[in-house]
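Here's the structure, in structure tokens; my notes come after.
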Amino acid sequence: MFSIHRSSPFCFANHVRKQIVAHSQWMVRSFFLSFANMTIYIIVAIAHHKMNLAYGTSYTLAVWLCWILNLLLAELFIRKKVFI
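Just so we're aligned, residue 791 is where the sequence shown starts under the numbering used here, counting upward by one.
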């Protein structure tokens, strides 16, 4: 199971260097990326059942969109300073 996101080392490095704002921003990104798998299921359900796309196409679309959508939401939250 892949439990550590690629952004986690940046979180730790910023925390050690006392860069609290940068640390908080990477923690928000890591938080949103932790929901990537759940986002895949939601996108597949919508694309396959509601839009009648083939399952393989729906899943491929979902795998790409889960990262893009979650990172866009994270950046929106960072820019709006919701968690920071």
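A virtual CB, placed ideally from N, CA and C, is assigned to each residue, including glycine.
The structure displayed is predicted, hence computed values, not measured ones.
Mapping DSSP to helix, strand and coil, what is Met841?
As a working mapping, residue 841 is identified with position 51 in the sequence shown. Coil at Met841, not helix or strand.
Three-pair Cβ contact test at 8 angstroms for the segment 822-833 versus the segment 852-865 = yes
_Using only CA atoms, which one of Gln809, His813, Val818 lies nearest to Lys870?_
What you label residue 870 is simply residue 80 of the sequence shown in a count that begins at 1. Considering only alpha carbons, the answer is Val818.
With distances taken between CB atoms, is the gap from Ile833 to Leu855 smaller than 7 angstroms?
Stepping through the sequence shown from its first residue, residue 833 is reached at position 43. Stepping through the sequence shown from its first residue, residue 855 is reached at position 65. Closer than 7 angstroms, so yes.
Taking buried to mean at least 16 other C-beta atoms within 10 Å of its own C-beta, is Ala835 buried or exposed? Counted from its first residue, the sequence shown places residue 835 at position 45. With fewer than 16 other CB atoms across the displayed protein chains lying within 10 angstroms of its CB, Ala835 is exposed.
Check your understanding: For Ile810, is the classification buried or exposed, using 16 other Cβ atoms within 10 angstroms of its Cβ as the cut-off for buried?
Key -> Working through the sequence shown from its first residue, we reach residue 810 at position 20. It counts as exposed.
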